[in-house]
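Residue numbers (the working numbering): 534 to 676.
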């Protein structure tokens, strides 16, 4: 990934964080204060437009990287949706201190970005390729 794309992604992350703050502000505004609500909604809309513009810049600079990012964003959205449906009791993420992988009984170790274990002991992972995989506890070698 080029430095230019990394810089744009950092900007997107900062804007998304600011947008979340604006959403919290919006929910804290009394419903009678419609002017303030409209002002905050305009700020959120402007930030969404900024993100869309930055994404288009990434697409123009490196279409292949843009497509990879899209794959990971889709997997992330699917994972967030699953968190509303399942109660995860353990989540491991790939980082410098900890490895993230899962060993299916039938197959090779799958390296992952995120590995989550639900109450029933089943696993959901996002692979390094951005694929969302669900595995029952019976299909996994648990160390």
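Built from N, CA and C at the ideal position, the CB exists for glycine as well. Just so it is clear, the structure is predicted and the values come from calculations on it, not from any experiment.
With contacts defined by Cβ atoms closer than 8 Å, residue 621 and residue 651 form a contacting pair. Residue 594 and residue 538 have their alpha carbons spaced roughly 8 Å apart. Each residue's CA atom was taken as its position, placing residue 612 and residue 554 some 22 Å apart.
Sequence-distant partners of residue 663 (beyond 5 residues in either direction) whose C-beta falls short of 6 Å from its own C-beta, in its chain, are 604, 605 and 608. Annotation for residue 586: no residue places its beta carbon closer than 6 Å to its own, counting only its chain and skipping 5 residues before and after. Within its own chain, the residues whose Cβ lies closer than 8 Å to the Cβ of residue 590, once the five positions on either side in sequence are excluded, are 541, listed in chain order.
Take residue 649, set aside five residues on each side of it, and the residues of its chain with a beta-carbon closer than 6 Å to its own are 621, 624 and 657, in chain order. Taking C-beta atoms under 8 Å as the contact rule, residue 673 and residue 635 qualify, at a distance of about 6 Å. Within the same chain, Cβ atoms closer than 8 Å to the Cβ of residue 558 are found at 573, the five residues on either side in sequence being excluded. Taking 8 Å as the cut-off, the beta carbon of residue 575 is found no closer than this to the beta carbon of residue 551. Residue environment for residue 659: buried (at least 16 other C-beta atoms within 10 angstroms of its C-beta). The C-alpha of residue 535 lies about 13 Å from the C-alpha of residue 601.
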